[in-house]
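Protein chains in written order, with our numbering: chain A, 1 to 217; chain B, 1001 to 1356.
Where a beta carbon is used, it is the ideal one built from N, C-alpha and C, also for glycine.
This structure is a prediction, so every number in the text was calculated from the model and none was measured.
Working notes, structure below.
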Amino acid sequence: MKILFLLVLFVSSLAFAEDIQDPYEFLKKRSAITKPQTTFNEYEDIISGGVAFVVGNLGYFTTTSSTLKIAYSGVQTVGVIGIGHGIYDYYYPHFESRLLGMLQKKQLTKKKLANDYVSLLGEMERAKRLSILWTSGLLTGQYALNAFVSKKVPQDLKDIYLFLGGVNAIVAIYSYFNVSEYEQYHLRDLEQKTHVGAIALPINGTFAPGLLITRTW
Amino acid sequence: MWILLALIITAPSWAFPVLHFIKPDSSFTQITTLDACTTFSTTVDMVKCNPALFPYQADQGLRMGGATITDGESVNVGQKLILDPIKQDFLRDLFQKRAFNSWAANSSIELRTPKFYMSYDPLLINADIFVFNPASPEVSMSLVKSNRLKVTSGWEVLRNDTLRFSIGGTAYYYRNQYFRDSFFLSDLATKKADQLIDFKKKNGVAADLGGALKFENRFLPKVSFVVKNLNSSLQNKDQDITSENQLRTILTYETYSRLGFGYDYKNSWGIINGEINLPFRDVYRELYTEYISGSVGYSLSRFSTQVSYSKYQSVLGLNFGSKIATIGIFYGKSRPLGDFSTQTENVSGVRFEVSL
């Protein structure tokens, strides 16, 4: 009886010991499980979205069928969303493996850990912002192009394109300027330069002068 | 000896067999491969091609979608046949303008889980009309409107170092509303069109079964077996086959089977799939040599394109997707009545899907 009691105690203590996992080992295991895996390559969503964007535009501006025009307009949008999603996946860091990397560093100090962690948060926010910025920016241009360049677009549809273009323009402008403090911290070493240049725009067979402002963000 | 062999393996000639790009449960890949996709184990809609590919899928969630022929010479006629009351003048005009007209569309709401798929297809349409025999004009019609409730699942039954074998099945409850018969145009002088065109209704349970065999040796082809519409009430009976005035959709509602041989090649820039598909009457009864189809496809992430060819149909499809929506556009050329009419048709169509 005594032996049986000791055996039960031993087995239950083993089970209890298994329940309490080493948090570092747990993080290591989770990092391996949750690491995003690409089916083909890291640019696959950007490429497939880009193909949809190009084919959508070719189809939209060449087809004479009104139904296919709407379908190609959908393809344009799907392409832009795909590009935005690809940009997000490309820039978004894998939290678990990056945290693991921080903990694995030799001579870990409070300052170093805080620096890496804040920078990681900045990277995450930057991925979200860039994805929204590119998606909304491209959609603004796309809908403006659909409304003004394409022939035989009914006024109702033109109004819808302009409305959607306007909404996306607001979102793009907001996400361009709305840089969080974490992201600013992450970007502190990145130079932000503004360039100004002159361009010529072909309009109605003639060229109109224009100003081009580019900024690294 | 060869003649005897040819008679054994070749299906008998049909009165008016009609080929469709869009069938009741066609996914985009099925449309653009002419169903030669039963071994494609990498596309999002592979389970519709072959239920035995269920163990290969990882997609979950709720999906809503539909497909329709949007442009083509006979789209308006086909839509009128199904959506408007049929009138005498309309049929007379058809006889003078275009002998054969056809339209098809499908729709579905599908719940995808790791264990099974459940879907409701609220509207499935295949509409065909053929006005023939100039001496005494006759109208042959095949109009089918239906809806289905389906459950699909599949299992891997064998996996070792040499091969991977899986099976799967779809069971569905269907409600068909159809008219498949013919009448003389002159009958319209004495009777109204809706008296002649009397739609029948039939409900029932039917099933699709599939098997997929994949060898680890990449030089050996992937092999698939699919039997469609077991116990379906819309069968092409022998009297229809030998009839001279009946119009029947083929490889659509009746029991038929397929044997597929496929290869794929994957690298970091995408995957290329290819398949040769052999369709049979009933359960591997006779090979339809004239409906053998072949397809080649390329896909990278959420973009895919396919080209396929058979004796009477060829199609090019482009499918684009994001996480929430997928839009596919296809362009096809067909001789829908095969050798029974020289009429050819250029069509284009759209399939869309939204994930919720």
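If you drop the 5 nearest sequence neighbours on each side, which residues of the same chain put their C-beta closer than 6 Å to that of residue i?
i	result
E183/A	G122, E125 and R126
V1075/B	I1069 and W1103
V1144/B	N1126 and Y1178
E1073/B	E1345
K1150/B	S1119, T1170 and Y1172
Y1331/B	L1316 and S1348
V1226/B	T1038, N1050, G1210 and R1258
L1062/B	L1111 and L1356
G197/A	L212
H85/A	D45
F1280/B	S1257 and L1287
Using beta carbons (cut-off 8 Å, strictly below), is residue i in contact with chain B?
i	result
V237/A	Residue 237/A lies beyond the residue range present for chain A, which begins at 1 and ends at 217; the question has no answer from this structure.
L164/A	no
F40/A	yes
L68/A	yes
G82/A	yes
D45/A	yes
S136/A	no
S97/A	no
V75/A	yes
A127/A	no
V167/A	no
V54/A	no
G141/A	no
S65/A	yes
S131/A	no
V78/A	yes
H186/A	no
A71/A	yes
S48/A	yes
H85/A	yes
Just confirm the distance between the C-beta atoms of residue i and residue j, as a whole number of angstroms; I'd bet it's less than 8 Å.
i	j	result
A1206/B	Y1256/B	A1206/B to Y1256/B, Cβ: 12 Å. No contact.
D1071/B	L157/A	Wrong, their Cβ atoms sit about 18 Å apart, outside the cutoff.
E1254/B	S1232/B	6 Å
I83/A	I46/A	6 Å
T1033/B	G1297/B	7 Å
A1193/B	L1091/B	7 Å
V1350/B	A1067/B	7 Å
V1047/B	T1152/B	6 Å
S150/A	S175/A	Actually they do not touch by this definition, with Cβ atoms about 27 Å apart.
S1360/B	F1184/B	Limits of chain B in this structure are 1001 at one end and 1356 at the other, which puts residue 1360/B out of reach.
With respect to 7 Å, is the separation between the Cβ of residue i and the closest non-hydrogen atom of the ligand FAD below this value?
i	result
N1176/B	The ligand FAD is not part of the structure shown, which contains no ligands of any sort.
Determine whether the Cβ of residue i lies closer than 8 Å to any Cβ atom of chain A.
i	result
S1310/B	no
L1316/B	no
R1302/B	yes
I1329/B	yes
K1323/B	yes
V1350/B	yes
D1059/B	no
D1238/B	no
F1215/B	no
F1320/B	yes
T1344/B	no
Considering only residues of the same chain and omitting the five flanking positions on each side of residue i, which have a CB-CB separation below 7 Å?
i	result
P1221/B	F1261, G1262 and Y1263
E1216/B	D1161, T1162 and L1163
V75/A	A52, V55, G56 and G59
S119/A	Y185 and H186
V1018/B	S1102, D1128, S1142, L1247, R1248, T1249, I1250, P1336 and L1337
P209/A	A198 and A200
F40/A	none
Whose C-beta lies closer than 8 Å to the C-beta of residue i among residues of the same chain, with five residues either side of it excluded?
i	result
L1300/B	W1269, G1270 and I1271
V153/A	N146, A147 and Y161
S1041/B	L1053, Y1056, A1212, K1214, K1222 and D1264
| If contact means a Cβ-Cβ distance below 8 Å, which residues of the region 1096-1123 of chain B contact chain A? | The region 1096-1123 of chain B vs chain A, Cβ under 8 Å: nothing.
May I ask you to verify whether the region 52-69 of chain A touches the region 142-157 of chain A, counting CB pairs closer than 8 Å and requiring at least 3? The count of Cβ pairs closer than 8 Å, one atom from the region 52-69 of chain A and one from the region 142-157 of chain A, reaches three, so the stretches are in contact.
So, do the region 1296-1308 of chain B and the region 1333-1353 of chain B have three or more beta carbon pairs nearer to each other than 8 Å? no
For the region 1260-1276 of chain B, list every residue whose C-beta sits within 7 Å of some C-beta in chain A, in sequence order. S1268, W1269 and G1270
* At least three beta-carbon pairs within less than 8 Å, the region 1176-1190 of chain B to the region 1130-1145 of chain B -> yes
Chain A contacts from the region 1012-1045 of chain B (Cβ-Cβ distance under 7 Å): none
* Say whether the region 102-111 of chain A touches the region 152-171 of chain A, bearing in mind that this needs 3 or more beta-carbon pairs closer than 8 Å, one atom from each stretch. => Segments in contact, no.
**Message:** So, does the region 32-51 of chain A touch the region 1272-1290 of chain B, judging by three or more C-beta pairs under 8 Å?
**Reply:** no
**Prompt:** Okay, do the region 1085-1095 of chain B and the region 1192-1199 of chain B touch, 3+ Cβ pairs below 8 Å being the bar?
**Reply:** yes
Can you list, in chain order, the residues of the region 1067-1080 of chain B whose Cβ is nearer than 8 Å to any Cβ on chain A?
With the criterion set as a beta carbon lying under 8 Å from some beta carbon of chain A, the members of the region 1067-1080 of chain B are T1070 and D1071, in sequence order.
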